[in-house]
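**Q** Take this structure, written in structure tokens, and hold onto it; I'll ask about it next.
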Amino acid sequence: MSTTDASLGGAGSMSPFTYATRTQLLRPSIVREILKATESADVISFAGGLPAPELFPAAHIAALCHQILAEDPAGALQYGTTEGHRPLRQAVCDRISASTGLPCDACQVLITTGSQQALDLVARVLLDPGDTVLVEEPSYLGALQAFAASGANIVAVPGDERGMSPESLRRAIAEAAARPKLLYLLPTFHNPTGVTLDAGRRRELAEVAQAAGVPVLEDDPYGPLRYAGIPLPAVVSHVRSSAWIYLGTCSKVLSPGLRVGWLVTPEPELMKRLVAIKQAVDLHTASLNQRVVARFLQDAPAFEAHLQLLAGVYRARRDTMAAAIREHFPSDCAFTVPDGGLFLWVRLPHRFDVDRLFHLALERRVAFVPGSAFGQSARTRQGIRLNFSNADPGRIAGGIRRLGELLCECDGHGVRARPCGR
Ligand SMILES: Cc1ncc(COP(=O)(O)O)c(C=O)c1O
106 MSTTDASLGG AGSMSPFTYA TRTQLLRPSI VREILKATES ADVISFAGGL PAPELFPAAH
166 IAALCHQILA EDPAGALQYG TTEGHRPLRQ AVCDRISAST GLPCDACQVL ITTGSQQALD
226 LVARVLLDPG DTVLVEEPSY LGALQAFAAS GANIVAVPGD ERGMSPESLR RAIAEAAARP
286 KLLYLLPTFH NPTGVTLDAG RRRELAEVAQ AAGVPVLEDD PYGPLRYAGI PLPAVVSHVR
346 SSAWIYLGTC SKVLSPGLRV GWLVTPEPEL MKRLVAIKQA VDLHTASLNQ RVVARFLQDA
406 PAFEAHLQLL AGVYRARRDT MAAAIREHFP SDCAFTVPDG GLFLWVRLPH RFDVDRLFHL
466 ALERRVAFVP GSAFGQSART RQGIRLNFSN ADPGRIAGGI RRLGELLCEC DGHGVRARPC
526 GR
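With the sequence shown counted from 1, adding 105 to any position gets you this note's numbering.
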């Protein structure tokens, strides 16, 4: 499997359909392709962004479904409004206000079918072909796909180990041919790097964007999964206009299969257009699932207890992975231990060819996502994203040992003489 040339269609296609031009821009997600390659049980996969299935609150969800269907079968099984189930919109607001410092009203919330749908809706409403979107380098692949499908010109703004730098953002805005339509940020437990923007950078980036009239799109699926440190105000809480959008989801904290996410914006005109587009896409997000998530969020003590449970297990898995990397990887591999989220990002020295390493690792039945999936800078291409939530500590330790042995062999210290890299 190639990690770079997965575009759809092609001149040799025998399809009887004539496809819209915009589909030429679509690329199947490399991560999804990798997940397919890692389905076999003997592969230890650190590739997906999957929560631990044994921690899904299945019994609680079953009880809630039972209760909801007994109390309000018509509401749960009938068509609903496009904006979403009102009590869920309110519960989302209450949680966001408490955890991020964002003032929020329920009418500013749109319930979406996962936050991936929110990214797609935003792209459809705001982006014309050729419009510039500023993103971090590296950035979340699903967002890049959504922006690319609209024909946007995606400009990666360089950063450092602390995330996007305000100076680079200023420069990217100044160098853009026209005012960028969006600044897309993942400031908390970034996917793929795990980095959290500090309070100063949050404020500065918001100020730079605001001064240039660039709206900010903040994506925050991982914020509730914190294992150390204290929560920081949302970047968009520093934007003193209505030019912001904030995204959240239940995928990483309850279940991705429920497909319930949300978008918040204080701009009524934007909300109106997003609702109109969502109507055309899926009418509304599943009524029963929205009610399940609403009841979960409304029971704040139970929800907090669930988050604590996740934090305890994921913190231990993160620490197991970090300890195994220290023990088994060459000492010049750089990584930082994230304060939350699901990913550890390791930067390998330039003597390693990371794409080639990915294939060699799969031969050893261990998988990760190579940096080239997330961006094309030399720095990003030396990265590997390792998910620590989905495997138990024994498999984490075993998988990292296998990877470490491979790295050492590639370095010429092991049984395989031919070094990879260079
Ligand atoms: C940064 C980021 N945004 C959005 C999503 C989409 O999540 P969902 O559509 O499941 O809410 C993901 C999923 O991995 C993600 O990592």
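Glycine residues also receive a C-beta, built at the ideal position from the N, C-alpha and C atoms.
#1: How about the segment 380-399 and the segment 231-248: do they share at least three Cβ pairs that are nearer than 8 Å?
#2: With distances taken from CA atoms, which of Glu176, Ile259, Ala428 and Ala348 is nearest Arg506?
#3: Report yes or no: do the segment 134-150 and the segment 365-383 share at least 3 C-beta pairs separated by less than 8 Å?
#4: DSSP three-state label for Ile335, please.
#5: From which residue to which residue does the alpha helix (DSSP H) around Ala410 run?
#6: Report the three-state DSSP secondary structure of Ala157 (helix, strand or coil).
#7: Where does Arg267 fall in DSSP's three states?
#8: Which of the three DSSP states, helix, strand or coil, is assigned to Gly476?
#9: Measuring CB to CB, does Val341 end up less than 8 Å from Ala311?
#10: Assuming contact is defined by CB atoms lying nearer than 8 Å, are Leu290 and Glu323 in contact in what I supplied?
#11: With distances taken from each beta carbon to the nearest heavy atom of ligand 1, which residues come in below 6 Å, in chain order?
#12: How about the segment 272-292 and the segment 313-323: do they share at least three Cβ pairs that are nearer than 8 Å?
#13: Quick test of your reading: Leu508 and Ala466, contact by CB under 8 Å. State the CB separation rounded to the nearest angstrom.
#14: Can you round the beta-carbon distance between Ala203 and Arg331 to whole angstroms, since I take them to be within the 8 Å contact cut?
#15: Have a look at Arg470, Gly235 and Leu215 and flag the residue whose alpha-carbon is nearest the alpha-carbon of Ala196.
#16: Helix, strand or coil: which one does DSSP assign to Ser150?
#17: Of all the alpha helix (DSSP H) runs that stay within the bounds of the segment 153-199, which reach a length of 4 or more residues?
#18: Can at least three beta-carbon pairs, one atom from the segment 218-225 and one from the segment 454-470, be found at a separation below 8 Å?
#19: Report, in whole angstroms, the separation of the C-beta atoms of Val83 and Ala152, which I expect to be a contact under 8 Å.
#20: Please determine, among Asn492, Gly256, Leu352 and Asp303, the residue with the shortest C-alpha to C-alpha distance to Glu224.
#21: Pro492 by DSSP, collapsed to three states: which one?
#22: Can you give me the Cβ contacts of Asp437 inside the same chain, cut-off strictly under 8 Å, excluding the 5 residues immediately before and after it?
#23: Given a cut-off of 8 Å on the beta-carbon distance, is the pair Leu274 and Ala304 in contact?
#24: Reducing DSSP to helix, strand and coil, say where Ala142 ends up.
**A** Straight from the coordinates:
#1: no
#2: Residue numbering aside, residue 506 sits at position 401 when the sequence shown is read from its first letter. Nearest option by C-alpha distance: Ala428.
#3: no
#4: On the sequence shown, position 230 is the one that residue 335 refers to. Here Ile335 sits in coil by DSSP.
#5: As a working mapping, residue 410 is identified with position 305 in the sequence shown. Run containing Ala410: Ala405 to His433, per the alpha helix (DSSP H) assignment.
#6: Position 52 of the sequence shown, counted from the first residue, corresponds to residue 157. Here Ala157 sits in coil by DSSP.
#7: In the sequence shown, counting from the first residue as 1, residue 267 sits at position 162. Correct three-state label for Arg267: coil.
#8: As a working mapping, residue 476 is identified with position 371 in the sequence shown. Here Gly476 sits in helix by DSSP.
#9: If you number the sequence shown from 1, residue 341 lands on position 236. If you number the sequence shown from 1, residue 311 lands on position 206. The answer is yes: Cβ separation under 8 Å.
#10: Within the sequence shown, the letter at position 185 stands for residue 290. Within the sequence shown, the letter at position 218 stands for residue 323. Contact flag set, yes.
#11: Here the residues close to ligand 1, judged by CB distance below 6 Å to any of its heavy atoms, are Gly154, Gly219, Ser220, Gln221, Tyr245, Gly247, Leu291, Asn296, Asp324, Pro326, Thr354, Ser356, Pro361 and Gly366 in chain order.
#12: yes
#13: One-based indexing of the sequence shown puts residue 508 at position 403. One-based indexing of the sequence shown puts residue 466 at position 361. With a Cβ gap of about 6 Å, Leu508 and Ala466 count as contacting.
#14: Position 98 of the sequence shown holds residue 203. Position 226 of the sequence shown holds residue 331. Actually they are not in contact, since the Cβ atoms of Ala203 and Arg331 sit about 14 Å apart, beyond 8 Å.
#15: Locating residue 196 in the sequence shown gives position 91, counting from the first residue. Of the candidates Arg470, Gly235 and Leu215, the one whose C-alpha sits nearest the C-alpha of Ala196 is Leu215.
#16: Start at 1 with the first residue of the sequence shown, and residue 150 comes out as number 45. In the structure shown, Ser150 adopts extended strand secondary structure according to DSSP, grouped into three states.
#17: 163-176 and 178-182
#18: no
#19: One cannot answer for residue 83 here, as it falls past the ends of the chain, which runs 106 to 527.
#20: Position 119 of the sequence shown, counted from the start, is the residue given in the question as residue 224. Sequence inspection shows Leu at residue 224; the Glu mentioned does not correspond to that position. When each option's Cα is compared against that of Leu224, the closest is Leu352.
#21: To locate residue 492, count along the sequence shown from 1; it is residue 387. Residue 492 is actually Asn in this sequence, not Pro. Looking at Asn492 - three-state DSSP - the assignment turns out to be strand.
#22: Taking the first residue of the sequence shown as position 1, residue 437 is located at position 332. The residues are Pro454.
#23: Here the question's residue 274 lines up with position 169 in the sequence shown. Here the question's residue 304 lines up with position 199 in the sequence shown. Cβ distance not < 8 Å, so Leu274 and Ala304 don't count as in contact.
#24: On the sequence shown, position 37 is the one that residue 142 refers to. Reduced to three states, the DSSP call for Ala142 is helix.
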